[in-house]
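Residue numbers (the UniProt record's numbering): 1 to 173.
C-beta atoms are modelled at their ideal positions from N, C-alpha and C, and glycine is treated no differently.
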Amino acid sequence: EGAAGARLAELEDLVASYDLRFGAEAAVVRAKDGELARLAPLLSRAAAEAVVVDAKDAELKRAGAALAEARSDADKAAEELGKARDAAARSEDATEPEAAAPDTRDEELARLRAELADARGREATETTAAEATDSAEEPPVPPLVSRAPRDLRGDLVASVRSLGSPRRDPAAE
């Protein structure tokens, strides 16, 4: 019985050590289960936030693509606007000989100024006698106002008419 008792004591010690070891492991497992239970809401919140981040990332990609498309459309529109401006400038040059030939316009302006000076000179000689008898001041000559290059002749004609030039016929204008 001594050997059997020793073997039994040995087996009881072994069971006790297993109980201690398994008890310790069971405590670790319970601690890990508790930790997982505590982290579960955090994990689910993190998973939900990851879904939101993924959705925002996809939205940013769509917005980036839309922005790139809008930039492309704006570039095309700017290019078309430039072409339209060039075409309008060419069309304006073709329809306005003054714009196409500024030298001709300058020559005509010089000629009209000479005619105006000539008309003023004639009026000065005609009114010299009247001024000698009348001490009233001469009314100021209206200034030449240029609204646009093609209106210069009209301005000069109006100025000459205001001076009372007898050589211009309004019906011929």
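- Message: Taking the straight line between their C-alpha atoms, what separation do you get for A26 and V15?
- Response: One C-alpha to the other measures close to 15 Å.
- Message: At the level of alpha carbons, what is the spacing between A78 and T104?
- Response: Each residue's Cα considered, the two are about 35 Å apart.
- For G2, collect the residues of the same chain with a Cβ closer than 7 Å to its Cβ; drop the 5 residues on either side in sequence, then sort them by chain order. Apart from sequence neighbours up to five positions away, no residue of its chain approaches G2 with a beta-carbon distance below 7 Å.
- Task: Report buried or exposed for A50, applying the criterion of at least 16 other Cβ atoms within 10 angstroms of its Cβ.
- Result: Under a 10 Å Cβ-count criterion, A50 is classified as exposed, with fewer than 16 other Cβ atoms of the shown protein chains found around its own Cβ.
- Under 8 Å between C-beta atoms of L163 and A114: No, the Cβ-Cβ distance between L163 and A114 is not below 8 Å.
- Message: To the nearest angstrom, how far is the alpha carbon of L43 from that of V53?
- Response: For L43 and V53, the distance between alpha carbons rounds to 15 Å.
- Please list, in chain order, all residues of the same chain as A136 whose beta carbon is under 8 Å from its beta carbon, the five residues on each side excluded. Low confidence applies here, because A136 scores a pLDDT of 49, under 50, leaving its location unreliable and the question unanswered by this model.
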